[in-house]
Amino acid sequence: MMSLKAEIWRQIYLYKRYPFSYFSDFILLILMFMAIFFSGSLAGGGIIGKTLNALVIGYVLWTLIQNTISQMGTCIANQMQNGILEQQFLMPISFKRLFFNKIVVNIVSSAIQAFLALIIIMMITNNWIKFSPITVLPFFLALLVTVGLGYLIVSLVLNFKRIGSTLVIFQYVYLGILLINFENYPLSIKYLSCLLPICPMVSWMRLIVNQRTYNFSFYLMASLFNAILWLVIGFFIFEITNQKVRKAGSLAAY
Numbered sequence: 001m002m003s004l005k006a007e008i009w010r011q012i013y014l015y016k017r018y019p020f021s022y023f024s025d026f027i028l029l030i031l032m033f034m035a036i037f038f039s040g041s042l043a044g045g046g047i048i049g050k051t052l053n054a055l056v057i058g059y060v061l062w063t064l065i066q067n068t069i070s071q072m073g074t075c076i077a078n079q080m081q082n083g084i085l086e087q088q089f090l091m092p093i094s095f096k097r098l099f100f101n102k103i104v105v106n107i108v109s110s111a112i113q114a115f116l117a118l119i120i121i122m123m124i125t126n127n128w129i130k131f132s133p134i135t136v137l138p139f140f141l142a143l144l145v146t147v148g149l150g151y152l153i154v155s156l157v158l159n160f161k162r163i164g165s166t167l168v169i170f171q172y173v174y175l176g177i178l179l180i181n182f183e184n185y186p187l188s189i190k191y192l193s194c195l196l197p198i199c200p201m202v203s204w205m206r207l208i209v210n211q212r213t214y215n216f217s218f219y220l221m222a223s224l225f226n227a228i229l230w231l232v233i234g235f236f237i238f239e240i241t242n243q244k245v246r247k248a249g250s251l252a253a254y
């Protein structure tokens with residue numbers, strides 16, 4: 001519990017020490033949404049009603065993934081270069097628990113940022129989405145997926161050291177994927193989309209906010225499968241990478 005508390009305070013101190021950097025990143029997310037919104041309005045004659053709801057849900061959940069990827073990747077890479085990462089592996093607390101604390105704190109802060117972005121986007125577009133209580137379920141499962149993604153990102157940084165450009169490319173490619181309305185595609189495409197992180201949760205939430213009828217059992221099972229799949233992948237890759245870098249003595253960035 002002490003280690004989790006320490007990680008929370010570390011994140012708070014970072015926000016206090018570098019407020020301009022975090023504020024700039026947040027404003028950039030809002031500006032990117034407005035660029036997508038206005039470009040869609042010009043090309044399609046206006047994004048209104050249910051289409052706008054789908055766009056907002058997909059984009060806001062993408063910010064959750066984007067923050068998890070960028071913040072975790074940057075944090076581990078900086079600690080690796082400064083030598084702090086090697087010290088953390090020598091601490092009496094389990095390194096698995098240590099990284100779990102980092103991922104949890106990162107996800108909570110990212111979720112708060114995504115929620116604030118949602119409020120501001122709804123204010124700007126004057127399109128207030130009504131969320132049903134059932135929306136909490138797919139959102140919670142989406143948070144579990146980000147835990148797995150957090151471990152995966154840590155593993156990639158530990159193994160390849162510098163992957164900043166790769167992460168940026170992945171983030172923006174995945175933005176396009178999350179904006180695809182897989183719920184409107186044939187069943188075979190829906191099944192394939194369940195393999196992509198958070199995609200079934202995004203489709204489920206869009207169906208809920210647009211008040212459309214849907215197969216509750218299908219989306220519940222698809223979302224559970226997606227959450228378990230990426231948790232297992234993240235834990236498995238992290239365990240393999242941890243053993244590899246320890247054996248090779250390659251925790252440092254150089």
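Read in order, the letters of the sequence shown are residues 1 to 254 in full-length UniProt numbering.
Ideal placement from N, C-alpha and C gives every residue a C-beta, glycine not left out.
Of the residues the options, the one placed nearest residue i, counting alpha carbons only
| i | options | result |
| --- | --- | --- |
| PHE131 | GLN87, GLY148, TYR151, LEU118 | LEU118 |
| VAL157 | PHE99, ALA222, GLN11, LEU4 | PHE99 |
| GLY58 | ASN242, SER155, SER24, PHE139 | PHE139 |
| PHE170 | ILE12, SER3, ILE30, GLY73 | GLY73 |
| SER109 | CYS199, VAL147, PRO92, LEU207 | VAL147 |
| ASN210 | ASN184, LEU229, SER217 | ASN184 |
| LEU61 | ALA142, PHE160, SER217 | ALA142 |
| ILE76 | ILE228, LYS5, ARG162 | ARG162 |
| PHE115 | ASN78, LEU144, TYR18, ASN67 | ASN67 |
| VAL145 | MET34, PRO133, VAL232, TYR18 | VAL232 |
| MET123 | PRO92, VAL56, GLY234, LEU85 | VAL56 |
| THR135 | LEU29, PHE216, TYR13 | PHE216 |
| ILE121 | ILE93, ILE12, PHE37 | PHE37 |
| PHE26 | ILE180, ALA111, ILE237 | ALA111 |
| LEU187 | LEU179, VAL173, ASN159, TYR219 | TYR219 |
| PHE238 | ILE84, PHE160, LEU179 | PHE160 |
| SER155 | MET2, PHE236, ILE12 | PHE236 |
| ALA227 | LEU175, LEU137, ILE240 | LEU137 |
Simplified DSSP assignment, three categories, for residue i
| i | result |
| --- | --- |
| TYR191 | helix |
| residue 256 | The displayed coordinates of the chain run from 1 to 254. Any statement about residue 256 would go beyond what the structure contains. |
| PRO200 | helix |
| THR213 | coil |
| SER94 | coil |
| GLY58 | helix |
| GLY73 | helix |
| GLY234 | helix |
| PHE33 | helix |
Same chain, Cβ closer than 7 Å to residue i, five either side skipped, listed in chain order
| i | result |
| --- | --- |
| VAL7 | Residue 7 is actually Glu in this sequence, not Val. ASN101, LYS102, VAL105, listed in sequence order. |
| PHE225 | CYS194 |
| TYR15 | TYR22 |
| GLY44 | The pLDDT assigned to GLY44 is 43, lower than 50, so where the model puts this residue is not dependable; a value taken from the coordinates is nonetheless given after this. The answer is none, since no qualifying residue turns up. |
| LEU207 | GLU183, TYR214 |
Own chain residues within Cβ distance below 8 Å of residue i, not counting five before or after
| i | result |
| --- | --- |
| residue 273 | Given a span of 1 to 254 for the chain in the structure shown, any question on residue 273 remains unanswerable. |
| ILE69 | LEU149, ILE153, LEU167, PHE170, GLN171 |
| THR63 | LEU29, SER110, GLN113, ALA114, ALA117 |
| ASN181 | ALA54, SER203, ARG206 |
Chain-order list of residues whose beta-carbon lies under 6 Å from that of residue i (same chain, five-residue window excluded)
| i | result |
| --- | --- |
| GLY234 | GLY148, TYR151, LEU152 |
| LEU52 | ASN127 |
| GLN243 | none |
| PRO19 | none |
| MET34 | none |
| LEU179 | GLY58 |
| GLN79 | LEU85 |
**Prompt:** Can you give, in chain order, each stretch of the alpha helix (DSSP H) that sits fully within the segment 119–184 and has at least 4 residues?
**Reply:** 136–160, 164–178
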